[in-house]
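Undergrad:
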Amino acid sequence: MPATPGVPLGTHFATLWPLWWPWLAIAALGLFHGINPAMGWLFAVALGLHRGRRKVVLLALLPIALGHALAVALVLAATLTLGSLLDPQWLARAGGAVLIAWAGWHALRGHRQHPRVGMQAGMAGLALWSFLMAGTHGAGLMLVPALLPLCSAVASGPAANGPLMPALLALGLHTLTMLLAIGTVALLVYDRVGVAFLRTGWINLDRVWTLALTGCGAVLLLG
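The opening position of the sequence shown corresponds to residue 1262 in our numbering, with each subsequent residue numbered one higher.
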């Protein structure tokens, strides 16, 4: 969108920011989910090392991304369904409460509930594992604060421009950035770094994840 002569650049930024921040947040969450070892790249690397083939690392990324996308899609579908039944303010408050409650559960019990999968897992098993991991971690719930304003922006438009399209675009953007992140990290670790650095060179992302869930919940409750 070109700047209008005589209008300060800051005014254009303030006008465009409400339109762009949800998409930036969705992409950033995809990157965040992708670099988290619990979301799949660590398992892809371990599987590749176990079988001694770089190709296995790349193949494992697809079902991992698919399982993650399915878990997120279920949350987005539930949000759209509830959005058609509830007042937007009530939906936002309810979503915030659920996110904060999920953060509390994750802090207390989440690390004990990781689904297990062996090194002989096939593509379907990897997709199921990724689906369960994303679900138990509340990955889809994190997208709700960004999804609600996107759906609200088109709520008054024609049916063809209803909330389904921005939800599908949000799912696609999130999945793409997540896949790029897990692919980049997995190949970097497999080819260059090795997994030994996790013992000393990696932060506790479980705590960061809990804080992120809490922050997303606060956005909905206070927004």
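Yeah, the Cβ is synthetic: ideal placement off N, Cα and C, and Gly gets one too.
In angstroms, rounded to a whole number, what distance separates the CA positions of Val1469 and Phe1293?
TA: The alpha-carbon atoms of Val1469 and Phe1293 are separated by roughly 10 Å.
Undergrad: Would you mind working out which of Ser1391, Val1456, Gly1386 and Pro1349 sits nearest Leu1411, comparing C-alpha positions?
TA: Measuring from the Cα of Leu1411, the nearest candidate turns out to be Pro1349.
Undergrad: Take Tyr1451 and list the residues in its own chain whose beta-carbon comes closer than 6 Å to its own, dropping the five residues that flank it on each side.
TA: Within the same chain, Tyr1451 has close Cβ partners Val1306, Gly1309 and Val1318.
Undergrad: What does the alpha-carbon distance come out to for the pair Gly1433 and Arg1312?
TA: Cα-Cα distance, rounded: 31 Å.
Undergrad: Taking DSSP as the reference, what is the three-state secondary structure of Asp1452?
TA: Three-state result, Asp1452: helix.
Undergrad: Compute the Euclidean distance between the alpha carbons of Leu1481 and Ala1358, then round it to the nearest angstrom.
TA: For Leu1481 and Ala1358, the distance between alpha carbons rounds to 8 Å.
Undergrad: Would you list, in sequence order, the uninterrupted alpha helix (DSSP H) runs of no fewer than 4 residues that lie entirely inside the segment 1283 to 1321?
TA: Counting whole runs of 4 or more residues, the segment 1283 to 1321 contains the alpha helix (DSSP H) stretches 1302 to 1312.
Undergrad: For the alpha helix (DSSP H) containing Met1403, list its first residue and its last residue.
TA: Per DSSP, Met1403 belongs to no alpha helix (DSSP H) and is neither H nor E.
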